[in-house]
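S.K.: Those sequence lines, one after another, are chains A and B. Count the first sequence with our numbering and you get residues 292 to 506, in order. Count the second sequence with our numbering and you get residues 292 to 506, in order. Quick reminder that beta carbons are idealized off the backbone N, C-alpha and C, glycines included. If you're wondering where the values come from, they're calculated on a predicted model, not measured in any experiment.
There are 2 protein chains.
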Amino acid sequence: MGTGPERGTRERILEVAEAFLGERGYHGTRLHYIAERVGIQKASLFHHFPSKEHLYRAVLEQGFGETEEIIRRALEGEGDPLSKIRSLLEAYVDLVAAHPERTKIFLRQSLGDVPSDFQQSADSERLLGLVVAFVSEGQRARLLAPMDPLALVLGVVGMVAFFFTSVPVLAPVWFSRLQGAANVERVKRHVVEMVERCLKVSGKVGSGADALAVV
Amino acid sequence: MGTGPERGTRERILEVAEAFLGERGYHGTRLHYIAERVGIQKASLFHHFPSKEHLYRAVLEQGFGETEEIIRRALEGEGDPLSKIRSLLEAYVDLVAAHPERTKIFLRQSLGDVPSDFQQSADSERLLGLVVAFVSEGQRARLLAPMDPLALVLGVVGMVAFFFTSVPVLAPVWFSRLQGAANVERVKRHVVEMVERCLKVSGKVGSGADALAVV
DNA sequence: GTCTATATAGGGATAGAC
DNA sequence: GTCTATCCCTATATAGAC
Chain A
292 MGTGPERGTR ERILEVAEAF LGERGYHGTR LHYIAERVGI QKASLFHHFP
342 SKEHLYRAVL EQGFGETEEI IRRALEGEGD PLSKIRSLLE AYVDLVAAHP
392 ERTKIFLRQS LGDVPSDFQQ SADSERLLGL VVAFVSEGQR ARLLAPMDPL
442 ALVLGVVGMV AFFFTSVPVL APVWFSRLQG AANVERVKRH VVEMVERCLK
492 VSGKVGSGAD ALAVV
Chain B
292 MGTGPERGTR ERILEVAEAF LGERGYHGTR LHYIAERVGI QKASLFHHFP
342 SKEHLYRAVL EQGFGETEEI IRRALEGEGD PLSKIRSLLE AYVDLVAAHP
392 ERTKIFLRQS LGDVPSDFQQ SADSERLLGL VVAFVSEGQR ARLLAPMDPL
442 ALVLGVVGMV AFFFTSVPVL APVWFSRLQG AANVERVKRH VVEMVERCLK
492 VSGKVGSGAD ALAVV
């Protein structure tokens, strides 16, 4: 996937920047820190990126690109809608668990921690739209149970992101008990099961049909 | 509850600071902004709070105090555990919906957007502990279904917070359809029902018993 | 493409008059 | 308790040598 161990300075900067932006936020990240960890002088950063904001955007775009690829890969191809959803959830949980810093950046951005006069891009809305459209389509074909797809998708995104980003800070003692690969699998099963209960047509759906049904 | 319309400057500062800290984060908030909106000079802020960090802590403490009060009020008194949980959830959703800025501050803090060399207080862990202990107790008494209480509480907190803070930024178009008091009620019913399905002893619990069961 | 040195700006904080 | 004026530091960004 990558270009091998011979990665350029630009890639190394992006990598380090992602870690810092996730950990300390845009305004909390000093270019000095990034330069130091990369092993170059602060001024040298400006040879690769014209400004801090451009660097931020580059990190964002890279993250969005990979996320979108995973979503498309899971939703394309053959199979019934529910099993595609399952694949998507599993891939999503893996992605978040593997890149908590990136997830933190997305969360921060969604809270408004962006450069001043920053134009929120339509990327997040487009990604959400992909999934929501897929669920809606499955529902129209009566292959998925009727439930507001937006509420479902947002709920899942919020839960999963919160688990792997906030919990370690909020409840470190407890998080230590949730760590490790085995627990990623547990979260995965948990989320998959929850969503399946909501979307399986055969099962009892409860009042899920009207709850948050704004569509 | 309040001291009436004759609120002092200190209270006004806290109010404005909360709004800005939620909207732009600690490092993104300029004391200049706060002073301007309050209608005083920047230097005058230092008469009320010795530093930006002290102001931040004051805002945090106020928020934690009110949240803890709501939790205790819901869990104390008479009634079966499940109906107390229901009261708690309803009060919590109302609280978050009424104070999205405050919720944003908590979320930001849980992401690590804090003053440098800031000591994370044990407050959040204590609040979570209150609820988790209550659920555990109900489970030991066989009045609540067995499910990892921490996973449940964290999941709910993450979902609700995400709904009222990130969604407006992430998907403004869709959020406009979710706005208004009527939709707060919908979210409330949605969350209550989800939790009830997980904790009701009579109903089928599915594999919720082992999912995330790390206790 | 990386360095040293420096420009420029802005933000937190203080001093002291009123 | 609020003001004006100012200090001091740090952070982004630039200039120009190597």
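For A:K395, return the contacting residues in chain B, with the cut-off set at a CB-CB distance below 9 angstroms.
M.R.: Sequence index remark: in the first sequence, residue 395 of chain A carries index 104 (1-based). Simply L402, G403.
S.K.: So does the region 317-325 of chain B actually touch the region 397-406 of chain B, counting three or more Cβ pairs closer than 8 angstroms?
M.R.: The answer is yes - the region 397-406 of chain B touches the region 317-325 of chain B, with three or more Cβ pairs under 8 angstroms.
S.K.: Which residues, taken in chain order from the region 342-374 of chain A, show a beta carbon closer than 7 angstroms to some beta carbon of chain B?
M.R.: Here the close residues number zero.
S.K.: Using a C-beta to C-beta distance shorter than 9 angstroms, which residues of chain B count as neighbours of A:S378?
M.R.: As a working mapping, residue 378 of chain A is identified with position 87 in the first sequence. Those within 9 angstroms of A:S378 in chain B number zero; the least Cβ separation is about 19 angstroms.
S.K.: Quick one, which of B:E327, B:P463, B:V492 has its alpha-carbon nearest B:A432's?
M.R.: Here residue 432 of chain B refers to the residue found at position 141 when the second sequence is read from its first residue. Comparing Cα positions, the closest option is B:V492.
S.K.: On a Cα-Cα basis, can you pick out the residue from B:R417, B:I396, B:P372 that is closest to B:F311?
M.R.: Within the second sequence, residue 311 of chain B is the residue found at index 20, counting from 1. Nearest of B:R417, B:I396, B:P372 to B:F311, Cα basis: B:I396.
S.K.: Anything in the region 305-322 of chain A with a Cβ closer than 7 angstroms to a Cβ of chain B? List those residues in chain order, please.
M.R.: Cβ contacts with chain B: E314, R315, G316, H318, G319.
S.K.: Mind checking whether A:G449 and B:F454 have CB atoms under 8 angstroms apart?
M.R.: Numbered from 1 along the first sequence, position 158 holds the residue referred to as residue 449 of chain A. Numbered from 1 along the second sequence, position 163 holds the residue referred to as residue 454 of chain B. Yes.
S.K.: Of the residues B:A308, B:K375, B:G330, which one's Cα is nearest the Cα of B:E344?
M.R.: In the second sequence, residue 344 of chain B corresponds to position 53, counting from 1. Cα-wise, what sits closest to B:E344 is B:A308.
S.K.: Going by C-alpha distance, which of A:R303, A:D439, A:V460 is nearest A:R328?
M.R.: Taking the first residue of the first sequence as position 1, residue 328 of chain A is located at position 37. The residue with the shortest Cα to Cα distance from A:R328 is A:R303.
S.K.: Which of the three DSSP states, helix, strand or coil, is assigned to A:F311?
M.R.: As a first step, residue 311 of chain A must be located in the first sequence, where it is residue number 20. If DSSP states are grouped into helix, strand and coil, A:F311 belongs with the helices.
S.K.: What do you reckon, are the CB atoms on B:L305 and B:Q353 nearer than 8 angstroms?
M.R.: Position 14 of the second sequence holds residue 305 of chain B. Position 62 of the second sequence holds residue 353 of chain B. In this structure, B:Q353 lies closer than 8 angstroms to B:L305 by Cβ.
S.K.: Specify, as a first and last residue, the run of the alpha helix (DSSP H) that B:K491 falls within.
M.R.: Within the second sequence, the letter at position 200 stands for residue 491 of chain B. From DSSP, B:K491 is part of no alpha helix (DSSP H); its letter is neither H nor E.
S.K.: Does the beta-carbon distance from B:V451 to B:V350 come in below 8 angstroms?
M.R.: In the second sequence, counting from the first residue as 1, residue 451 of chain B sits at position 160. In the second sequence, counting from the first residue as 1, residue 350 of chain B sits at position 59. For B:V451 and B:V350, no; Cβs fall outside 8 angstroms.
S.K.: Just reading off the alpha helix (DSSP H) that A:S427 is part of, what are its end residues?
M.R.: Taking the first residue of the first sequence as position 1, residue 427 of chain A is located at position 136. It spans 414-431 - the alpha helix (DSSP H) in which A:S427 sits, taken as one unbroken run.
S.K.: Mind reading off the beta-carbon distance from A:L418 to A:I362? Whole number of angstroms is fine, and I expect it under 8 angstroms.
M.R.: Within the first sequence, the letter at position 127 stands for residue 418 of chain A. Within the first sequence, the letter at position 71 stands for residue 362 of chain A. About 6 angstroms; that satisfies the 8 angstroms criterion.
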